[in-house]
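Residue numbers (our numbering), protein chains in the order written: chain C, 42 to 196; chain U, 21 to 269.
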């Protein structure tokens, strides 16, 4: 990835990585906390943009920054808003509850590995755990989501 | 049903990202990045000034009671723990492969210091970090609230995980033979901080986070009996998870 030093380059960098970062942190920490953590991580990225620019996995690194910063905002329960009554027929209304009931590690692994499609190595770096653990959390998390939403493994 | 549970998760998270407002510091225009950097710098400078200056001033006004257990606390060092405290004992030590030696000491709150906690000391007695545990912050802390703070200046190790709830001590052995030991905080959860920015040291995380160099995790009950002894990667069984429910979730 090109170095991001100027404002223009940084803005382009943010435009590229922000959606993935926000989605990953919201997936791990819920809507409000994830949003706040992503904001802090991007502010940190601006301050350290030269170093960030040289990284192979900036989303993973900033995810960890957000993970660290999220401590200031964490709630006793991870909150996900309901699926809107109209406009999202393709999303099962049981999904928010099912996500909230996953462990933090399971949510993070599912989002990083399957939704953001990071490699196991990248997801492991982002979560600070081993690749085997990432795989285990992702598999268990996905299985729990499927069960909660009434989807069989064969589907 | 579409696959797709994954696709649904993606769509749902996109929707949440689009509809959740960011309460503060929303960037407006390009120059806002400069402004935000300046604001953050000023904020950090103010926090550093307060966290170091006030305890130093306080220490200058009050007889010190900061020794014990073989650890000598230094003026300013404990400032990161919100005020002067009594260092009671060394609870963990680690000799790293590169030769650095660290020790972690339990502290107890003194006047003006609201938290119990731990202070890590690095080479040459330099303060590495402090994480308040217990005291007034206890309920908030364990509920996953914002009472937790750490000021670490160097990336080291963090260990965390879960062992049977009867355990009182967890001990991680590294491949070079050094040992990081920590007390089991509550309901089988343990964590110890030897880490810098970017490491997840969230309390109550149910899964182990051990250094790559870890070769053994053991836990001991109050009588000193080994109640858990595994070689990483640690895979917990559901029974253990059920006996030690996640904290803060």
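The beta-carbon is built from N, C-alpha and C at its ideal position, and this holds for glycine as well. These numbers were taken from a predicted model, which means no experiment stands behind them.
Reduced DSSP category for residue i - H, G, I as helix; E, B as strand; rest coil
i                      : result
residue 243 of chain U : coil
residue 51 of chain C  : helix
residue 135 of chain C : coil
residue 201 of chain C : Outside the shown range of chain C, which is 42 to 196, sits residue 201 of chain C, and nothing can be said about it.
residue 147 of chain U : For residue 147 of chain U, the predicted model reports a pLDDT of 39, less than 50, meaning its position is unreliable and no value from the coordinates is stated.
residue 192 of chain C : coil
residue 158 of chain C : coil
residue 101 of chain C : helix
residue 128 of chain C : coil
residue 111 of chain C : helix
residue 84 of chain U  : Legend: pLDDT at residue 84 of chain U = 27, less than 50; position of this residue unreliable, value from coordinates given subsequently. In this structure, residue 84 of chain U counts as coil in the three-state DSSP scheme.
Any chain C beta carbon closer than 9 Å to residue i
i                      : result
residue 175 of chain U : Any answer about residue 175 of chain U is weak, because its pLDDT of 32 lies below 50 and its placement is not dependable; what the coordinates show is given next. Chain C, which has no Cβ nearer than 9 Å to the Cβ of residue 175 of chain U, makes this no.
residue 153 of chain U : For residue 153 of chain U, the predicted structure reports a pLDDT of 38, less than 50, and the residue's modelled location is therefore unreliable. A value from the coordinates is still provided. Not closer than 9 Å to any Cβ of chain C, the Cβ of residue 153 of chain U fails to qualify, so no.
residue 26 of chain U  : yes
residue 31 of chain U  : yes
residue 39 of chain U  : yes
residue 188 of chain U : no
residue 34 of chain U  : yes
residue 251 of chain U : no
residue 79 of chain U  : Residue placement at residue 79 of chain U is poorly supported in this model, since its pLDDT is 39, which falls under 50; the coordinates still yield a value, given next. No, residue 79 of chain U lies away from the interface with chain C (no Cβ there is under 9 Å from its Cβ).
Paired residues, beta bridge with residue i - DSSP
i                      : result
residue 27 of chain U  : Looking at the DSSP assignment, residue 27 of chain U forms no beta bridge with any residue, so it has no partner.
residue 237 of chain U : U:192, U:250
residue 187 of chain U : U:241
residue 202 of chain U : U:190
Start and end residues, alpha helix (DSSP H) containing residue i
i                      : result
residue 168 of chain C : 161–168
residue 182 of chain C : 172–189
residue 81 of chain C  : 72–88
residue 150 of chain C : 145–150
Residue-level contact to chain U via CB, residue i, 9 Å cutoff
i                      : result
residue 20 of chain C  : Because chain C spans 42 through 196 in this model, residue 20 of chain C falls outside it and cannot be assessed.
residue 50 of chain C  : no
residue 140 of chain C : yes
residue 99 of chain C  : no
residue 161 of chain C : no
residue 131 of chain C : yes
residue 92 of chain C  : no
residue 72 of chain C  : yes
residue 96 of chain C  : no
residue 186 of chain C : yes
residue 54 of chain C  : no
residue 136 of chain C : yes
residue 67 of chain C  : yes
Residue-chain proximity (residue i, chain B), Cβ-Cβ < 9 Å
i                      : result
residue 149 of chain C : The chain inventory of the structure shown lacks chain B, comprising the protein chains C and U.
query: How about the segment 138–146 of chain C and the segment 73–83 of chain C: do they share at least three Cβ pairs that are nearer than 8 Å?
result: no
query: Is it true that the segment 55–64 of chain C meets the segment 125–141 of chain C, where meeting means three or more beta-carbon pairs spaced less than 8 Å apart?
result: Between the segment 55–64 of chain C and the segment 125–141 of chain C, the count of Cβ pairs shorter than 8 Å is below three; the stretches do not touch.
query: Per the contact definition of three or more C-beta pairs closer than 8 Å, is the segment 65–74 of chain C in contact with the segment 97–110 of chain C?
result: yes
message: If contact is defined by three or more beta carbon pairs under 8 Å, each pair taking one atom from either stretch, is the segment 182–190 of chain C in contact with the segment 160–172 of chain C?
response: Note that the segment 160–172 of chain C does not touch the segment 182–190 of chain C; fewer than 3 beta-carbon pairs, one per stretch, sit closer than 8 Å.
message: Using a Cβ distance threshold of 8 Å, determine whether the segment 91–104 of chain C contacts the segment 167–175 of chain C, with at least three qualifying pairs required.
response: yes
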